[in-house]
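Working notes, structure below.
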Amino acid sequence: MIRWYDSRQYLKYVFIIVAMLIALVSLVVSDSLIKKLAEEERQKMEVWTEAQRLFILDDSTQTSQISLIWKVIESNTTIPVICCDDQGNVVSYNNIKVPERNPELFLQKKVRELKAKNPPFSLDFGDNTYQYLYYDDSVILKRLLLYPYIQLLVIAVFIMISFLALAGTKKAEQNKVWVGLSKETAHQLGTPISSLIAWVEYLKTKEVDAAYLTEMEKDVKRLEVIAERFSKIGSNPDVIPLNINEAVRSAYTYMESRVSSKVKMSAEFSGQPLLALMNEALFSWVIENLTKNAVDAMDGQGSILFRVSEKGRKILVDVTDTGKGIPKSKFKTVFMPGYTTKARGWGLGLSLVRRIVESYPGGRIYVKNSEIGKGTTFRIELRSKL
1 MIRWYDSRQY LKYVFIIVAM LIALVSLVVS DSLIKKLAEE ERQKMEVWTE AQRLFILDDS
61 TQTSQISLIW KVIESNTTIP VICCDDQGNV VSYNNIKVPE RNPELFLQKK VRELKAKNPP
121 FSLDFGDNTY QYLYYDDSVI LKRLLLYPYI QLLVIAVFIM ISFLALAGTK KAEQNKVWVG
181 LSKETAHQLG TPISSLIAWV EYLKTKEVDA AYLTEMEKDV KRLEVIAERF SKIGSNPDVI
241 PLNINEAVRS AYTYMESRVS SKVKMSAEFS GQPLLALMNE ALFSWVIENL TKNAVDAMDG
301 QGSILFRVSE KGRKILVDVT DTGKGIPKSK FKTVFMPGYT TKARGWGLGL SLVRRIVESY
361 PGGRIYVKNS EIGKGTTFRI ELRSKL
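Using the working numbering, read the sequence shown as starting at 1 and increasing by one per residue.
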């Protein structure tokens with residue numbers, strides 16, 4: 001079972017790595033295309049700058065050549081351009097929307113921005129007269145710069161929604177199987193329990209040792225409690241204001257006489273009643289399962305401490321053992337159905353515990369702390385009724 005869960009964890013990591021590789025390849029390809037487009041835009045601006053220089057400089061140019069140069073100048077409809085003299089004064093600009101208020105200040109600020117973005121072009125008019133042309137990326141290039149990140153965001157959202165949908169579907173299927181199995185188990189137990197009750201009543205009319213009958217009645221009642229617990233899985237059990245101190249004490253007392261004498265059990269209870277809306281039969285099942293889990297973790301030898309306390313509006317129940325401990329990477333895995341370290345275990349105990357606890361508002365169970373070779377503490381949090 002552990003290997004199956006480990007392999008599933010590895011598959012998750014593989015999925016994440018593959019997704020990251022796809023994202024990386026997408027970014028690299030997009031970056032390459034953007035760089036090529038940026039180079040093409042710079043080449044276009046170089047031609048446009050030369051056309052601008054010739055148009056201003058050469059008055060003897062033929063009409064046909066002037067027409068061609070003017071077409072080149074007019075072809076720039078997407079790249080913002082500002083032309084400044086060697087003193088930094090703005091001479092002309094193109095494809096820039098200038099506000100009516102403080103246009104000079106706006107253009108000077110824009111020049112500083114463009115200086116930081118792209119190296120300027122120099123227009124040499126001779127006689128040590130120069131102008132400098134600053135340009136920005138085109139609207140298309142800017143959109144392409146954002147495109148990879150938008151694409152990755154869309155892919156990430158799609159994958160997340162798909163993952164949550166699949167997980168939700170799988171969980172719903174597991175719940176149906178779990179509830180169906182539980183109710184079928186309760187149904188199947190009903191017939192032999194009824195038969196055993198009848199046999200006990202019949203034996204009472206015969207000369208049978210009363211001590212034997214008493215023990216048989218205890219076992220039959222225990223089977224009735226187990227059947228009742230299974231029948232309530234997946235349904236809305238009746239809840240009452242339950243004193244958690246007494247509920248833990250009752251389960252603790254029951255388990256104390258049924259575990260190995262090598263296991264020392266102790267308990268610390270709150271000095272005042274702590275009430276929570278719970279079903280007593282299911283809550284005692286939770287404590288019993290945690291106790292059995294602790295005994296298994298200690299290989300039948302060690303100590304278990306039950307501690308009931310209150311923190312704000314929460315009732316805390318801690319079950320601490322001196323067992324082999326749980327690696328931090330398995331803190332959540334131990335609650336998954338099928339996870340077990342025992343060769344013949346089903347791995348349903350802690351999963352059942354979590355299912356019961358979390359079915360109540362504010363209910364929560366988790367591994368509070370654990371240290372390999374020293375032990376583990378499971379914590380149950382319940383919402384106080386007071």
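Glycine included, each C-beta is placed from N, C-alpha and C at the ideal position.
Nearest to Leu282 by alpha carbon, out of Arg354, Ile197, Pro337, Asn128? For Leu282, the nearest C-alpha among the options comes from Arg354.
Quick one: what does DSSP say Ile2 is sitting in, helix, strand or coil? With a pLDDT of 46 at Ile2, under the threshold of 50, the modelled position of that residue is not reliable, and no figure is offered here.
Backbone CA spacing between Val18 and Leu382 [nearest angstrom]: Going from the Cα of Val18 to the Cα of Leu382 covers about 40 Å.
Gln131 - containing alpha helix (DSSP H), residue span: First-last for Gln131: 130-135, but that is the beta strand (DSSP E), not the alpha helix (DSSP H).
Rounded to whole angstroms, what's the CA-CA distance from Arg3 to Thr333? Just pull it up for me. Below a pLDDT of 50, predicted positions are generally treated as unreliable, and Arg3, at 49, falls in that range; the measurement from the model is reported next regardless. Taking the straight line joining both Cα atoms gives about 12 Å.
Here's the rule: buried if 16 or more other CB atoms are within 10 angstroms of the residue's CB, otherwise exposed. What is Phe378? Per the 10 Å Cβ criterion, buried.
Rounded to a whole number of angstroms, what is the C-alpha to C-alpha distance between Arg143 and Lys36? Distance from the CA atom of Arg143 to the CA atom of Lys36, rounded to whole angstroms, is 15 Å.
Would you please verify whether the beta carbon of Glu50 is less than 8 Å from any beta carbon of chain D? As a matter of chain content, chain D is missing from the structure shown, which is built from one protein chain.
Grab me the residues of Phe335's own chain with a C-beta within less than 7 Å of its C-beta, minus the 5 sequence neighbours each way, in chain order. Within the same chain, Phe335 has close Cβ partners Leu350, Ser351, Arg354.
Residues of its chain near Ile244, where Cβ-Cβ distance is below 7 Å and the 5 sequence neighbours each way are ignored: Closer than 7 Å at Cβ, skipping near neighbours: Leu274, Ala276, Val308, Ile315, Val317, Leu382.
Using 8 Å as the threshold, is the C-beta distance between Thr291 and Gly325 below it? It is not a contact, given that the beta carbons lie outside the stated cut-off.
Where does Thr253 sit, in a helix, a strand or coil, going by DSSP? Of the three classes helix, strand and coil, the one that applies to Thr253 here is helix, per DSSP.
Supposed close pair Met45, Phe121 - CB separation, criterion 8 Å: Indeed, because the Cβ distance is near 7 Å, the residues count as touching under 8 Å.
Nearest CA to the CA of Thr78: which residue from Pro103, Lys109, Tyr135? Residue Tyr135 is the option with its Cα nearest to Thr78.
Is Gly312 near Val263, with beta carbons less than 8 Å apart? Contact: no.
Beta-bridge pairing of Ala247 - partner residues as DSSP gives them: DSSP, once it has assigned bridges, lists no residue as partnering Ala247.
With 16 as the cutoff for other CB atoms within 10 Å, does Trp48 come out buried or exposed? Classification for Trp48: buried.
Validate contact between the stretch 78-94 and the stretch 146-154 using beta carbons, cut 8 Å, 3 pairs: No, the stretch 78-94 does not touch the stretch 146-154.
Glu40 CB to nearest heavy atom of the ligand NAP below 7 Å: By its list of ligands, the structure shown contains no ligand whatsoever, and the ligand NAP lies outside what it can speak to.
In angstroms with no decimal places, state the Cα-to-Cα distance between Val90 and Leu107. Going by the C-alpha atoms only, they are around 7 Å apart.
For Val357, three-class secondary structure by DSSP: Reduced to three states, the DSSP call for Val357 is helix.
To test your reading of the DSSP string, which unbroken beta strand (DSSP E) runs of 3 or more residues are found completely within the stretch 299-341? With a minimum length of 3 residues, the continuous beta strand (DSSP E) runs that stay inside the stretch 299-341 are 302-311, 314-321.
Locate the beta strand (DSSP E) running through Glu268, then write down its first and last residues. Unbroken beta strand (DSSP E) run through Glu268: 263-268.
Report yes if the CB atom of Ser257 is closer than 8 Å to the CB atom of Ser284, and no otherwise. No; because the gap between Cβ atoms is not below 8 Å, this pair is not in contact.
Straight-line Cα distance separating Tyr149 from Leu24: Cα-Cα distance, rounded: 11 Å.
For the alpha helix (DSSP H) containing Glu104, name the first residue and the last one. From DSSP, the alpha helix (DSSP H) with Glu104 extends over 103-117.
Which residues in the same chain as Ile372 place their Cβ atom closer than 6 Å to its Cβ, once the five residues preceding and following it in sequence are excluded? Within its own chain, the residues whose Cβ lies closer than 6 Å to the Cβ of Ile372, once the five positions on either side in sequence are excluded, are Gly325, listed in chain order.
Give the range of the beta strand (DSSP E) segment to which Asn293 is assigned. Here Asn293 belongs to no beta strand (DSSP E); instead the alpha helix (DSSP H) covers 280-297.
What first and last residue would you give for the beta strand (DSSP E) that runs through Leu274? Counting along the chain, no beta strand (DSSP E) covers Leu274, and no H or E run does either.
Per DSSP, which one or two residues make a beta bridge with Gly375? Assignment of beta-bridge partners to Gly375 by DSSP yields Glu371.
DSSP three-state call for Asp85: helix, strand or coil? Strand, per DSSP.
Hey, out of Ile240, Ala186, Lys115, Lys368, whose CA is closest to Ile226's CA? For Ile226, the nearest C-alpha among the options comes from Ala186.
Secondary structure at Pro241, three-state DSSP: helix, strand or coil? Three-state DSSP puts Pro241 in a strand.
What is the rounded straight-line gap between the Cα of Val14 and the Cα of Val111? The straight-line gap from Cα to Cα measures roughly 48 Å.
My understanding is that Glu41 touches Ser138, with C-beta atoms under 8 Å, so please give their C-beta distance in whole angstroms. So it is a contact: roughly 6 Å between Cβ atoms.
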